[in-house]
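In the numbering used here, the protein residues as written are 34 to 323.
Heads up, the beta-carbon is just placed ideally off N, CA and C, and yes, glycines get one too.
Being a predicted model, the structure only gives us computed values, none of them experimental.
Have a look at the structure below before the remarks.
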């Protein structure tokens, strides 16, 4: 589901159709029928240029990605990526990132492949696939100290990074430093892998989720990653939510309110999170963000 301006909500369907709902009349009077497989995700491209056309991207399970002109509803571009099942897409830093079961791909907007990320191997664990991912810029707060450089006192930044547990001296950047992070998860593993988005050789950190058997969804809320999963609680199979601190890379809370896998998470103004579960539970829970 994708919310747009001009009072529109786009709904992707398993019947290969995108339904356009007018939020004023609450009616569906337009449909986009160019996909030939289940529509799995949609994103809109933000533009700072008020004269540029607004574009939306949609993807389907068979690997088809379509670029739409939001105003004319015409196809601007269409291409296909080779993968087992394309589940989600994200726009980040001018490129298109795609999540499939066997890989995550970074593409140019014309469909040309930049990079491909495979699931990291893990000894003694059955073959798994990606289920979801998150991309974001992490602004790290730094510690400011004054040192003697032989001429006069000068300000430098001493950054203790949680990834390497080392101390790095940097020029002063007014107390902040950014890094681009990619977080990935699998439906068959109870862990999160964290990568530098510019270096996908291997994850620089892994977070083990206690009593978790697989992750189904993730969202970023403030300085936290909320992780929807299935796991065990008090000896029973339950849907669980893990709240992970982005900077510390540690699980802050484990939330249990569903008897089945948590399939969807939605943030409301970074103040509340809504969670929805599979059919055996069928409930929606509302959580307050702290």
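Every unbroken stretch of the beta strand (DSSP E) spanning 3 or more residues and falling wholly within the region 98 to 129 is given here in chain order: 108 to 113 and 119 to 125. With distances taken between CA atoms, residue 319 lies nearest to 295 out of 295, 313 and 95. With fewer than 16 other Cβ atoms from the protein chains shown falling within 10 Å of its own Cβ, residue 305 counts as exposed. Residue state for residue 256 is assigned as coil, using DSSP reduced to three classes. According to the DSSP assignment, residue 142 belongs to no beta strand (DSSP E), since it is labelled neither H nor E. When secondary structure is reduced to three states using DSSP, residue 263 falls in the strand class. The Cβ atoms of residue 264 and residue 223 sit closer than 8 Å to each other. For residue 216, the closest C-alpha among the options 279, 269 and 71 is that of 279. The C-beta distance from residue 128 to residue 149 rounds to 13 Å, too long to fall under 8 Å, and the pair is not in contact. Taking residue 60 as reference, the option from 46, 73, 40 and 45 with the minimal CA-CA separation is 40. As the crow flies, the alpha-carbon of residue 95 is around 9 Å from that of residue 120. Annotation: the region 293 to 317 contains the following complete segments of the beta strand (DSSP E) (minimum length 3 residues), in chain order: 295 to 301 and 305 to 310.
Shown here for residue 117: same chain residues with a beta carbon closer than 7 Å to its own, the five before and five after excluded, namely 133, 134 and 135 in chain order. Between residue 35 and residue 98, the alpha-carbon positions lie close to 15 Å from each other. Bounds of the beta strand (DSSP E) holding residue 45 are 41 to 45. Comparing alpha carbon positions, the residue from 70, 233, 54 and 103 closest to residue 138 is 233.
Annotation: residue 236 to residue 292 spans about 32 Å, alpha carbon to alpha carbon. The beta carbon of residue 115 sits closer than 7 Å to those of 96, all from its chain and outside the five residues before and after it, given in chain order. In this structure, residue 240 and residue 289 do not form a Cβ contact; the two beta carbons are roughly 19 Å apart against a cut-off of 8 Å.
Remark: C-beta atoms of residue 307 and residue 250 do not approach each other more closely than 8 Å. The alpha-carbon separation between residue 245 and residue 284 amounts to approximately 12 Å.
Looking at the DSSP output, residue 217 shares a beta bridge with 166 and 226.
Counted as a single uninterrupted DSSP element, the beta strand (DSSP E) harbouring residue 239 occupies residues 238 to 241.
For the options 90, 69, 65 and 67, the alpha carbon positioned closest to that of residue 77 is the one of 90.
For residue 73, the number of other beta carbons within 10 angstroms of its own is at least 16, and it is reported as buried. Judged by beta-carbon spacing, residue 248 lies beyond the 8 Å limit of residue 131, meaning their Cβ atoms are not closer than that value. Residue 260 has its alpha-carbon roughly 29 Å from the corresponding atom of residue 50.
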